[in-house]
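To start, the structure itself, in structure tokens.
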Amino acid sequence: MRFRDITRFSFKAMMSRRKRATLTLLGIFLGVLTLTAVISFATGYGFALKDIFKGSSMRLIYLSARERSFNDLDVSKIESMDGVEAVMPLIRIPMNLTIFGKTKTYVVMGVDMDYVEDVFPDIELMYGDWPPNPKEEAVVLGSKLLEEIPPEEMEDMIGLNVKFSFGNILTTRPRIYGILAPYGTSIIADVDRSVLAPLDYATRLYVKLVGEKSYTFLAIVAEDVNSVDYVVDQLSEEYGDMAFPIAMKDVQKQLDMVVNLSLLVLGAIAAMTIVVASIGIMNAMYTAVTERTRIIGVMRAMGASQRDIAMSFLFEGILMSGIAIISGMILGYGASLLLAMIMGPGRTEGPHAATFSITPALLPEHAAAIAGITLLITILGALPPALQAARLEPAKALRFE
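Numbering follows our numbering, with no gaps: position 311 of the sequence shown is 318.
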């Protein structure tokens, strides 16, 4: 039999028992739909999760103090380590900001303005400029601090002085130099809800609060990506439990592992529905073999080989699988989009958005894997009945009642 004849026979056989074929096809379809929806949603979630750190330099290492703050001696010591290109001290101070008669607590981040783009990659100003004088009492406000102000009035805030306080201990009135464009979050701060201040100015404030010059974080830039692990080892050996190094390279690696593991686990669970569907295919095909025993005998008597009989039954299963794969993938991706719309509140703006929406993604390799797995499981389910049909003796098949 030619391939065209096998195809025509399989299609007519499937259409002759539409209800059974539809129910069998439905099982495969639901399995593909579930697998596609899960994989697409998990992939989109992984992309959204990694977008939080997108653009962060893979050479960047944050050193967080545990038992004590850092000082200039620590900065000099780390700068002399092999593989270190630069060390940027950071100060984090929670302070009350009073604006338009309302007082809220925000984090003031003291950072050297010459290195602000290294500490917060992709950061941009929406209005104003970066403070040119490191000793000036100046601040740059995060985009969310003025969210109650109409956008057209934000630029008018540049040059105004605002009140910052820490209880009754400290009060200061720095000048607003700039307003940040929406950014999102970093590993050390929610930038949109933070205040950036020149390091010298923030240091003076911190000295008034704690009585000594010190830093809460150190941002360290390695000479290259290959030097990161060596620098982390040196930091761990030097500070032990007193400080905790966080390498952006390792953060990205952990995120990749989590996403890949999620895809594997969720995909395996969803694939079980296709395995169950293959059992339904096997059952339906065994029934079809019994119903068509005399037809098989006639075909063998007319010269059809065992291979022709096996291929006709096997192709019937493949045909149902193909229909289920195409329709299941289309509707499965649609289901993942619907789920994302229901769960996602919408993405905030900025390259490092903290609140992110999930945009499902069905990658070509994932689509190929879903189709391949479904087709393989379907063939395994249809193969035993197909082989049984091929082994029927023509004479016995013709006498079958």
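The beta-carbon is built from N, C-alpha and C at its ideal position, and this holds for glycine as well. Here the structure is a predicted model, which means the values were calculated and not measured.
Rounded straight-line distance, which links the Cα of residue j to that of residue i
i, j, result
"Met306", "Phe320", "13 Å"
"Ala204", "Ser221", "16 Å"
"Pro392", "Asp315", "14 Å"
"Gln261", "Leu394", "48 Å"
"Ala361", "Asn175", "In this prediction, Ala361 has a pLDDT of 46, which is less than 50 and means its spatial position is unreliable; what the coordinates show is noted afterwards. Cα to Cα, Ala361 sits roughly 33 Å from Asn175."
"Gly101", "Pro181", "As written in the sequence, residue 101 is Pro, which differs from the Gly given in the question. Between Pro101 and Pro181, the C-alpha separation is close to 15 Å."
"Ser328", "Thr385", "7 Å"
"Gly218", "Leu70", "22 Å"
"Glu230", "Gly247", "23 Å"
"Thr192", "Leu212", "24 Å"
"Ala277", "Val296", "30 Å"
"Ser64", "Asn267", "22 Å"
"Lys19", "Gly379", "25 Å"
"Asp119", "Thr280", "56 Å"
"Leu42", "Tyr52", "15 Å"
"Ala44", "Gly149", "37 Å"
"Lys256", "Gln313", "59 Å"
"Phe171", "Glu372", "53 Å"
"Ala188", "Tyr113", "17 Å"
"Arg354", "Thr14", "Residue placement at Arg354 is flagged as unreliable, the pLDDT there being 46, under the threshold of 50; a coordinate-derived value is accordingly withheld."
"Gly310", "Val265", "57 Å"
"Ala284", "Phe36", "9 Å"
"Phe322", "Gly304", "19 Å"
"Pro128", "Leu271", "32 Å"
"Gln259", "Leu344", "26 Å"
"Leu387", "Val198", "54 Å"
"Asp240", "Thr110", "43 Å"
"Met133", "Ile186", "6 Å"
"Ser83", "Glu131", "29 Å"
"His359", "Phe54", "Low confidence applies here, because His359 scores a pLDDT of 47, under 50, leaving its location unreliable; read the following figure in that light. Cα to Cα, the separation comes out at about 12 Å."
"Ala317", "Ala375", "26 Å"
"Glu356", "Tyr293", "Because the pLDDT at Glu356 is just 48, under 50, the model does not fix this residue reliably, and the value given afterwards should be weighed accordingly. Roughly 57 Å separates the two Cα atoms."
Endpoints, beta strand (DSSP E) assigned at residue i
i, result
"Glu92", "91–106"
"Tyr222", "That residue, Tyr222, is in no beta strand (DSSP E); it is neither H nor E in DSSP."
"Ile68", "67–72"
"Ala145", "145–148"
"Thr110", "109–118"
"Met133", "132–135"
Endpoints, the alpha helix (DSSP H) within which residue i is located
i, result
"Ile413", "The requested residue 413 does not occur in the structure, where the chain is confined to residues 8 to 408."
"Asn126", "Here residue 126 turns out to be Val, not Asn, going by the sequence shown. Element bounds for Val126: 123–126."
"Gly388", "371–397"
"Lys84", "79–86"
"Ser328", "313–350"
"Ser76", "Where Ser76 is concerned, there is no enclosing alpha helix (DSSP H), given that its DSSP letter is neither H nor E."
"Leu410", "Because the chain in this structure spans residues 8 to 408, residue 410 falls outside the shown range and cannot be described."
Option nearest residue i by Cα separation, candidates the options
i, options, result
"Gly335", "Val39, Thr280, Asp119, Glu160", "Val39"
"Gly34", "Leu390, Phe322, Ala291", "Ala291"
"Ile302", "Gly339, Ala397, Ala375, Leu382", "Ala397"
"Tyr184", "Val147, Met348, Phe171", "Val147"
"Thr381", "Asp129, Thr178, Gly274", "Gly274"
"Ala93", "Asp257, Ile106, Ile68", "Ile68"
"Tyr122", "Ala226, Asp236, Glu244", "Ala226"
"Tyr340", "Phe48, Phe36, Arg25", "Phe48"
"Arg200", "Ile165, Thr179, Lys151", "Lys151"
"Met21", "Asn78, Ile337, Glu298, Met348", "Glu298"
"Leu177", "Val232, Gly117, Asn103", "Asn103"
"Pro141", "Leu206, Ala342, Ser87, Ser243", "Leu206"
"Phe107", "Ile349, Pro367, Met88, Leu153", "Leu153"
"Leu56", "Gly117, Glu162, Pro367", "Pro367"
"Val169", "Ala196, Trp137, Thr105", "Thr105"
"Thr242", "Ser87, Arg24, Leu399, Ala28", "Strictly speaking, residue 242 in this sequence is Leu, with Thr absent from that position. Out of Ser87, Arg24, Leu399, Ala28, Ser87 has the C-alpha closest to the C-alpha of Leu242."
"Leu399", "Ala308, Ile349, Glu245", "Ala308"
"Gly166", "Leu383, Pro157, Trp137, Ile337", "Trp137"
"Glu245", "Ile85, Leu30, Arg11", "Ile85"
8 Å Cβ cutoff, residue i in contact with chain B
i, result
"Asp129", "This model lacks chain B altogether; it includes just one protein chain."
Whole-angstrom C-beta distance between residue j and residue i, which should lie under 8 Å
i, j, result
"Leu97", "Thr210", "Not really, about 11 Å apart at Cβ, beyond 8 Å."
"Ile330", "Leu32", "6 Å"
"Tyr208", "Ala145", "7 Å"
"Arg99", "Ala250", "In fact, because the Cβ distance is near 15 Å, the residues do not count as touching under 8 Å."
"Thr50", "Leu370", "6 Å"
"Asp125", "Val228", "6 Å"
"Ala389", "Ile286", "About 11 Å separates the two Cβ atoms, so there is no contact after all."
"Gly90", "Tyr237", "5 Å"
"Ile253", "Ile194", "6 Å"
"Val235", "Arg66", "6 Å"
"Ile46", "Ile349", "The Cβ separation is near 18 Å, so there is no contact."
beta-carbon residue i near the ligand GDP non-hydrogen atom, thresh 7 Å
i, result
"Leu383", "This structure does not include the ligand GDP; it has no bound ligands of any sort."
Ignoring anything shorter than 4 residues, give me the alpha helix (DSSP H) runs that lie fully in the stretch 156–215, in order along the chain. Listed in chain order, they are 158–161.
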